[in-house]
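Following: one structure in structure tokens, then a few remarks.
Number of protein chains: 2
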Amino acid sequence: MTAQELFEQIKKKRSFLCVGLDTELTKIPEHLLTKDDPMFEFNRKIIEATHDLAIAYKLNLAFYEVHGAAGWNSLVKTVKYLKTHHPDVLVIADAKRGDIANTARMYAKAYFHSLGCDAVTVSPYLGQDSVVPYLQYDGKWTILLAITSNESFGDFQLVHNKQTGNLLFEDVVLKSMHWGSDANMMFVVGATHPEYFAAVRKHAPHHFLLVPGVGEQGGSLQKVAENGMNDRCGLIVNSSRGIIYADITGNFTSEARKRALKLQQEMEVLLKQNGLV
Amino acid sequence: MTAQELFEQIKKKRSFLCVGLDTELTKIPEHLLTKDDPMFEFNRKIIEATHDLAIAYKLNLAFYEVHGAAGWNSLVKTVKYLKTHHPDVLVIADAKRGDIANTARMYAKAYFHSLGCDAVTVSPYLGQDSVVPYLQYDGKWTILLAITSNESFGDFQLVHNKQTGNLLFEDVVLKSMHWGSDANMMFVVGATHPEYFAAVRKHAPHHFLLVPGVGEQGGSLQKVAENGMNDRCGLIVNSSRGIIYADITGNFTSEARKRALKLQQEMEVLLKQNGLV
Chain V
1 MTAQELFEQI KKKRSFLCVG LDTELTKIPE HLLTKDDPMF EFNRKIIEAT HDLAIAYKLN
61 LAFYEVHGAA GWNSLVKTVK YLKTHHPDVL VIADAKRGDI ANTARMYAKA YFHSLGCDAV
121 TVSPYLGQDS VVPYLQYDGK WTILLAITSN ESFGDFQLVH NKQTGNLLFE DVVLKSMHWG
181 SDANMMFVVG ATHPEYFAAV RKHAPHHFLL VPGVGEQGGS LQKVAENGMN DRCGLIVNSS
241 RGIIYADITG NFTSEARKRA LKLQQEMEVL LKQNGLV
Chain E
278 MTAQELFEQI KKKRSFLCVG LDTELTKIPE HLLTKDDPMF EFNRKIIEAT HDLAIAYKLN
338 LAFYEVHGAA GWNSLVKTVK YLKTHHPDVL VIADAKRGDI ANTARMYAKA YFHSLGCDAV
398 TVSPYLGQDS VVPYLQYDGK WTILLAITSN ESFGDFQLVH NKQTGNLLFE DVVLKSMHWG
458 SDANMMFVVG ATHPEYFAAV RKHAPHHFLL VPGVGEQGGS LQKVAENGMN DRCGLIVNSS
518 RGIIYADITG NFTSEARKRA LKLQQEMEVL LKQNGLV
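If you're matching them up, the sequences are chains V and E in order.
Going by this note's numbering, 219 is the number at position 219 of the first sequence; the sequence numbering is gapless.
Numbering-wise, this note's numbering comes out as the position in the second sequence, counting from 1, plus 277.
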């Protein structure tokens, strides 16, 4: 999927929402637990309730790996379902992998080729040769962690580099400019830390940013747009728990849709304010 | 498994070898491909050929994930086989995960509880709250990346912190001292960069270090021991490709054993030189 196709989808749906499928068996409606594959059933219903409001779905692999092979089957079925029924949406494997080149090639193959996702999140700690293998896949996206949405993000991401004068996350953005381009790389910038969007945008004005942390984690959509929006939106804002666990009864799909719709409507206002729709 | 149990095993086997099961279908002997589960069959035979020479086995998850649910089944079977037939060895999930606390809890459950591994490798980029969930499991080990064995390790790991005066990997070691102890944490230090062992040992004199990069990647066992060994050895040195792909014919088990034996014998000399056996 190209950046232009992503932007076209944003304009058409008037949304830059990503729905995070952090699916947990202990949190989904009880009546689904009798199904053959409750995680897939839950995902399918959430997707059907939200696909006209969302431009992307993000599958956090931890929630599937915890169930072993059965979890992987749910993951595979969910990706296949999205690719078959909603081929316009971006499917993100939220893996945050980071390993030596030989291993990175395997992970890239696992998520892009075997699983068929469009994008994968990658951790930068091992440097260039741990990231480049993901960039070899045409039409796929590597989403590098810059600023994460968790509380202790600053332990290392805000280390002040004596040589460059930058904070570590800025060096991640700057160095990686030479590894890929705004046509195959994005950056993770947490909504919980809007004060760092300006620094990322200074170095990466044209890249898309994947923004977790709105909703349950407390980030503000308004601030994210103020600090991070560019001339083709350039934002994919994720909400997971805030949407998918809005309700845990038989009404869960309509409640999830209500939450997604609320975010989409706020996004439409912000897109209009920026003259993008 | 406690550090003392690990040391007892090192003394008994006169070895601090970890065998890395980076199993690839394109590299294993052809006659195994007709088996029901070729990856597990290969792993089982490598384990049987080396278990008296190795104190640990490391399973790099990328090589299993690339085969989806079938790969996870091979992984599960391999861990179960090790735990059943060789309960003395340390089983490491080489995952290099690093995610927000809510997700880290899922990964910890996946590798420690569901899969039953003794240790997991974790990336530090997200800071304290991304690591602490792994440390909640009694008798389990969190192995934090400090210096990795790849070429571009220095892109960020060697960033010079203006505030502390340390290199980034030193800050990783220093900060994490307050998160866990030498009873539940280890650090990854690549054999390819022996010059940084002294800095790690200065801050973490008593911790075990997991050392990749000997063999195929070019690191020297001699230099690792000189710079990294402490009074209970404190080293777990991994070799993957150099052992498991020593031969790809019907003789692969005896060739793998030869390579493992060569390393064990070198290790025995080093342990003797340091008065540990």
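Positions of the beta carbon are idealized from the N, C-alpha and C atoms, including for glycine.
For clarity, every value in this text was computed on a predicted model and none was experimentally measured.
Below 8 Å on the Cβ atoms is my contact criterion, and I expect Leu59/V with Leu17/V to pass it. Report the Cβ-Cβ distance as a whole number of Å. For this step, residue 59/V is matched to residue 59 along the first sequence. For this step, residue 17/V is matched to residue 17 along the first sequence. In fact, because the Cβ distance is near 15 Å, the residues do not count as touching under 8 Å.
Ala333/E to Phe389/E, Cα distance in whole Å? Position 56 of the second sequence holds residue 333/E. Position 112 of the second sequence holds residue 389/E. If you take the alpha carbons of Ala333/E and Phe389/E, they lie about 16 Å apart.
Kindly indicate which three-state DSSP category Asn461/E falls into: helix, strand or coil? Counting from 1 along the second sequence, the entry for residue 461/E is found at position 184. Three-state DSSP puts Asn461/E in coil, outside helix and strand.
Less than 8 Å between the CB of Phe340/E and some heavy atom of the ligand SAM, yes or no? Of the ligands one can find in the structure shown there are none, so the ligand SAM has no counterpart to examine.
The alpha helix (DSSP H) enclosing Asp448/E, as first and last residue numbers: Counting from 1 along the second sequence, the entry for residue 448/E is found at position 171. Run containing Asp448/E: Leu445 to Ser453, per the alpha helix (DSSP H) assignment.
Going by the CB atoms, is the gap between Asn350/E and Ala104/V shorter than 9 Å? Position 104 of the first sequence, counted from the start, is the residue given in the question as residue 104/V. Position 73 of the second sequence, counted from the start, is the residue given in the question as residue 350/E. Not closer than 9 Å, so no.
Can you check DSSP and say which residues form a bridge with Asn320/E? Working through the second sequence from its first residue, we reach residue 320/E at position 43. According to DSSP, which records beta bridges pairwise, Asn320/E is partnered with nothing at all.
Could you check what DSSP says for Trp349/E in three-state terms: helix, strand or coil? Numbered from its first residue, the second sequence carries residue 349/E at position 72. DSSP places Trp349/E in helix when its eight states are reduced to three.
In or out: Lys202/V buried (at least 16 other Cβ within 10 Å) or exposed? On the first sequence, residue 202/V is found 202 positions in, with the first residue counted as 1. The residue is exposed, with fewer than 16 neighbouring Cβ atoms inside 10 Å.
Pairwise C-alpha distance: Met463/E and Ser531/E: Locating residue 531/E in the second sequence gives position 254, where the first residue counts as 1. Locating residue 463/E in the second sequence gives position 186, where the first residue counts as 1. The alpha-carbon atoms of Ser531/E and Met463/E are separated by roughly 32 Å.
List the residues of chain E whose Cβ lies closer than 7 Å to the Cβ of Thr253/V, in chain order. Start at 1 with the first residue of the first sequence, and residue 253/V comes out as number 253. Neighbours of Thr253/V on chain E: none; closest Cβ ~23 Å, over 7 Å.
Quick one: which residues of the region 101-113 of chain V get their C-beta closer than 7 Å to a C-beta of chain E? List them in chain order. Ala101, Thr103, Met106, Tyr107, Lys109 and Ala110
Among residues of its own chain, excluding the 5 on either side of Asp37/V, which ones have a beta-carbon nearer than 6 Å to its beta-carbon? Locating residue 37/V in the first sequence gives position 37, where the first residue counts as 1. Contacts found: Ser74.
Tell me, please, whether the region 532-551 of chain E touches the region 299-318 of chain E by the rule of three or more beta-carbon pairs shorter than 8 Å. no
Spell out a yes or no on whether the region 415-430 of chain E and the region 355-366 of chain E are touching, meaning 3 or more CB-CB pairs, one atom from each, closer than 8 Å. no
What is the residue span of the beta strand (DSSP E) that Arg232/V lies within? Translated into the one-based positions of the first sequence, residue 232/V becomes position 232. From DSSP, Arg232/V is part of no beta strand (DSSP E); its letter is neither H nor E.
Amino acids of chain E, ordered along the chain, whose beta-carbon sits closer than 7 Å to that of Asn43/V: Looking up residue 43/V in the first sequence gives position 43. Neighbours of Asn43/V on chain E: none; closest Cβ ~16 Å, over 7 Å.
Taking any Cβ of chain V, which residues in the region 394-408 of chain E have a Cβ under 7 Å from it, in chain order? Ser400, Pro401, Tyr402, Leu403, Gly404, Gln405, Asp406 and Ser407
What separation, rounded to the nearest whole angstrom, lies between the Cα atoms of Lys77/V and Phe40/V? The residue labelled residue 77/V in the question sits at position 77 within the first sequence. The residue labelled residue 40/V in the question sits at position 40 within the first sequence. Cα to Cα, Lys77/V sits roughly 7 Å from Phe40/V.
Residue interval of the alpha helix (DSSP H) (run including Arg201/V): As a working note, residue 201/V is residue 201 in the first sequence. Residues Phe197 to His203.
Would you grab the beta carbon distance between Val188/V and Leu126/V for me? Rounded to a whole angstrom, and I think it's under 8 Å. For the purposes of this step, residue 188/V is taken as the residue at position 188 of the first sequence. For the purposes of this step, residue 126/V is taken as the residue at position 126 of the first sequence. 16 Å between Cβ atoms; not a contact.
Members of the region 141-164 of chain V near chain E, C-beta cut-off 9 Å: Leu145, Thr148, Ser149, Asn150, Glu151, Ser152, Phe153, Gly154, Asp155, Phe156, Gln157, Val159, His160, Asn161, Lys162, Gln163 and Thr164
Taking the alpha-carbon positions, what's the Gly552/E to Leu298/E distance? Against the second sequence, residue 552/E aligns to sequence position 275. Against the second sequence, residue 298/E aligns to sequence position 21. If you take the alpha carbons of Gly552/E and Leu298/E, they lie about 31 Å apart.
Can you pull the chain E neighbours of Asp99/V, defined as C-beta to C-beta under 7 Å? For the purposes of this step, residue 99/V is taken as the residue at position 99 of the first sequence. The contacting residues are Ala339 and Lys373.
Please say whether Thr469/E and Ser517/E have beta carbons closer to each other than 9 Å? For the purposes of this step, residue 517/E is taken as residue 240 along the second sequence, with counting starting at 1. For the purposes of this step, residue 469/E is taken as residue 192 along the second sequence, with counting starting at 1. Taking 9 Å as the Cβ cut-off, Ser517/E and Thr469/E do not qualify as a contacting pair.
Would you list, in sequence order, the uninterrupted alpha helix (DSSP H) runs of no fewer than 4 residues that lie entirely inside the region 367-446 of chain E? 378-385 and 431-434
With DSSP as the reference, please indicate the residues paired to Ile513/E in a beta bridge. Within the second sequence, numbered from 1, the residue matching residue 513/E stands at position 236. Answer by DSSP bridge pairing, in chain order: Leu487/E.
Is Lys175/V close to chain E? Criterion is C-beta to C-beta, closer than 9 Å. Numbered from its first residue, the first sequence carries residue 175/V at position 175. It does; some Cβ of chain E falls within 9 Å.
Short Cβ contact (9 Å threshold) for Ala101/V with Pro133/V: As a first step, residue 101/V must be located in the first sequence, where it is residue number 101. As a first step, residue 133/V must be located in the first sequence, where it is residue number 133. Yes, these two residues count as a Cβ contact at 9 Å.
Check whether the region 498-515 of chain E and the region 443-453 of chain E touch, using three or more Cβ-Cβ pairs below 8 Å as the test. no
When you compare each of Phe319/E, Glu301/E, Pro306/E and Asp395/E to Met278/E by their alpha carbons, which one comes out closest? As a first step, residue 278/E is located in the second sequence; it is residue number 1 there, counting from the start. Among Phe319/E, Glu301/E, Pro306/E and Asp395/E, the Cα nearest to that of Met278/E belongs to Asp395/E.
Cβ-based burial, Gln541/E [other Cβ within 10 Å; buried from 16]: Locating residue 541/E in the second sequence gives position 264, where the first residue counts as 1. With 16 or more Cβ atoms within 10 Å of its Cβ, Gln541/E is classed as buried.
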